Structures are given as structure tokens and as C-alpha cells.
Amino acid sequence: MRYLLVILIFGTGLAFSCTKKEQSLSEEEKQEVVQLEEETEQLNEEIDSLDLSLEALEEALNELGN
């Protein structure tokens, strides 16, 4: 779960960094930044989904252990 949090923070930082640099980029580079932001958003959604799955698995293991 810690790794997922680190990935989420890294992805958010990457998106912020890309947005800040976007002001001085060419049109092609701006399109690439938009694509990277979309990919980052998709990855964050996948991370959230995996995190929920992990929590469900942990709960199931705890129930089996009891």
C-alpha cells in the first residue's frame, strides 16, 4: 500500500511538473504534455482500483485468520 501511495504522489508531481513547463513549449510538445497528463490520470485511477482490491484482499485474509 505504501508503494501505491508513492506512485500516486510521483504521478501527481509529474503532472504538476508537466503543467508548469507547458507555458514555454511548442504545440507538439503541449500535445505530448496533455497525453502524459491523461496517462497519469488513468494510472492514478488504476492505482485507486488496485488499492481497493488490496484492501478487500486484506479484509478477506483477516476474516480467514479469525
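With numbering that gives the first Met the number 0 applied, the sequence shown covers 0 to 65.
Glycine included, C-beta positions come from ideal geometry on N, C-alpha and C.
Quick caveat: nothing in here was measured; it's all calculated off a predicted structure.
| query | Can you tell me the Cα-Cα spacing of Val32 and Gly64, whole angstroms? | reply | As a first step, residue 32 must be located in the sequence shown, where it is residue number 33. As a first step, residue 64 must be located in the sequence shown, where it is residue number 65. Cα-Cα distance, rounded: 47 Å.
| said: Once DSSP output is grouped into helix, strand and coil, what is the label at Asn43? | reply: Counting from 1 along the sequence shown, the entry for residue 43 is found at position 44. The answer is helix: DSSP assigns Asn43 an H, G or I state.
| Which of helix, strand or coil does DSSP assign to Asn61? | By 1-based counting over the sequence shown, the position of residue 61 is 62. Helix, per DSSP.
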